[in-house]
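Asker: So the sequences go chain by chain: H and X. Read in order, the letters of the first sequence are residues -2 to 108 in my numbering. Read in order, the letters of the second sequence are residues -2 to 108 in my numbering. Virtual Cβ for every residue (Gly too), placed ideally from N, Cα, C. In this text, all values refer to a predicted model and were calculated from it rather than measured experimentally.
2 protein chains.
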Amino acid sequence: MDKVNIPEALDSVTEYWSQKIIGEANGQLYKVAKGIGATNWHKHDDQDELFILYKGHLTISLRDRDIELYENDMFIVPKGTEHRPKCDEEVQFLIVGLNITSNAAGGKPNL
Amino acid sequence: MDKVNIPEALDSVTEYWSQKIIGEANGQLYKVAKGIGATNWHKHDDQDELFILYKGHLTISLRDRDIELYENDMFIVPKGTEHRPKCDEEVQFLIVGLNITSNAAGGKPNL
Chain H
-2 MDKVNIPEAL DSVTEYWSQK IIGEANGQLY KVAKGIGATN WHKHDDQDEL
48 FILYKGHLTI SLRDRDIELY ENDMFIVPKG TEHRPKCDEE VQFLIVGLNI
98 TSNAAGGKPN L
Chain X
-2 MDKVNIPEAL DSVTEYWSQK IIGEANGQLY KVAKGIGATN WHKHDDQDEL
48 FILYKGHLTI SLRDRDIELY ENDMFIVPKG TEHRPKCDEE VQFLIVGLNI
98 TSNAAGGKPN L
């Protein structure tokens, strides 16, 4: 494969809460996505989900606390943990996991 | 776990080519490291190795070409592929793989 510039890859994303694969290593998919508003509450019973923020301010609500992410912050939502990403303005992030989770089961809202 | 700010985690690294674990997800270790000069040529038969550059300019030499990485560039060295990271000035990066590879088998130089 070639190198990938992550902000450039993010520039090419046109739909909110829609993951675009930019690489695969050791069975993990490295995906970029943009978000605005919030997803629905959801959890992934098969995988941890890792976020790295590239732009904006993303709140990841868990049932017992909110995690406030800014640029270059990393957070891992453990397998089976209910969560809800939300933001007032557009966010851009890298998300790592075993498959594409930007679907109804993964909390994707109808925009 | 709590969130981790990746540049702050990098600030706390004191030894070149020495990986510091900042998270674990789906069996992958997320590690930060600084480098200067070059490692020795090496390969990992058990894992792909993923780099994301946070600071500086890192050349990853492969046997048939050089990959030039700048800030926010991502590159995956496939399992079994000989490689040699090198740089003239300090670089800071995130590295993802199955275990700590900053050892003699992983090309770590005697500085």
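For P4/H, name the three-state secondary structure that DSSP assigns.
Answerer: Helix at P4/H.
Asker: Extract the residue ranges of the alpha helix (DSSP H) inside the region 7 to 37 of chain H, only unbroken runs of 4 or more that lie entirely within it.
Answerer: As far as the region 7 to 37 of chain H is concerned, it has no whole alpha helix (DSSP H) run of at least 4 residues.
Asker: So is L26/H in contact with chain X if we call contact Cβ pairs under 8 angstroms?
Answerer: Not an interface residue.
Asker: Note down, in chain order, every chain H residue with its Cβ under 7 angstroms from the Cβ of N2/X.
Answerer: Result: N69, D70.
Asker: Is the Cβ of L95/H closer than 8 angstroms to any Cβ of chain X?
Answerer: So yes, L95/H belongs to the interface.
Asker: When you compare each of G103/X, F90/X, R81/X to S9/X by their alpha carbons, which one comes out closest?
Answerer: It is F90/X.
Asker: Can you tell me where the beta strand (DSSP E) holding K83/H begins and where it ends?
Answerer: It spans 80 to 94 - the beta strand (DSSP E) in which K83/H sits, taken as one unbroken run.
Asker: Along the chain, where does the beta strand (DSSP E) containing D63/X start, and where does it finish?
Answerer: Residues 63 to 66.
Asker: So with CB distances below 7 angstroms, who are the chain X contacts of D45/H?
Answerer: Under the 7 angstroms cutoff, chain X gives A22, N23.
Asker: Please determine, among A102/X, P106/X, G104/X, N96/X, the residue with the shortest C-alpha to C-alpha distance to E21/X.
Answerer: Of the listed residues, the one whose Cα sits closest to E21/X is N96/X.
Asker: L66/H CB to nearest chain X CB: under 8 angstroms?
Answerer: True, the Cβ-Cβ gap to chain X drops below 8 angstroms.
Asker: Do you know how far the Cα of I92/X is from the Cα of R81/X?
Answerer: If I take the Cα positions, the gap works out to 14 angstroms.
Asker: Residue range of the beta strand (DSSP E) that D70/H falls in?
Answerer: Taken as a continuous stretch (DSSP letters only), the beta strand (DSSP E) holding D70/H covers 70 to 74.
Asker: Given a cut-off of 8 angstroms, decide if K105/H and A35/H are closer than it, judged by their beta-carbon atoms.
Answerer: Cβ distance not < 8 angstroms, so A35/H and K105/H don't count as in contact.
Asker: For E68/X, collect the residues of the same chain with a Cβ closer than 6 angstroms to its Cβ; drop the 5 residues on either side in sequence, then sort them by chain order.
Answerer: Within the same chain, E68/X has close Cβ partners L50.
Asker: What does DSSP give as the partner residues of S99/X in its beta bridges?
Answerer: Partner(s): none; S99/X has no beta bridge.
Asker: Is the Cβ of I112/X closer than 8 angstroms to any Cβ of chain H?
Answerer: In the structure as shown, chain X starts at -2 and stops at 108, and residue 112/X therefore has no counterpart that could be examined.
Asker: Among the candidates K31/X, G24/X, N23/X, whose CA atom is the shortest distance from the CA of A6/X?
Answerer: That would be K31/X, whose Cα lies nearest to the Cα of A6/X.
Asker: Under 9 angstroms, CB to CB, which of the residues in the region 78 to 104 of chain H have a partner in chain X?
Answerer: From the region 78 to 104 of chain H, only L91, V93, G94, L95 have a Cβ closer than 9 angstroms to chain X.
Asker: Just grab the DSSP bridge partners of H54/H for me.
Answerer: In the DSSP output, where bridge partners are listed per residue, H54/H has none listed.
Asker: Verify the CB distance criterion: does I33/H have a CB-CB separation below 8 angstroms to chain X?
Answerer: Judged by the 8 angstroms Cβ criterion, I33/H is not in contact with chain X.
Asker: Does the beta-carbon distance from L66/H to L55/H come in below 8 angstroms?
Answerer: For L66/H and L55/H, yes; Cβs fall inside 8 angstroms.
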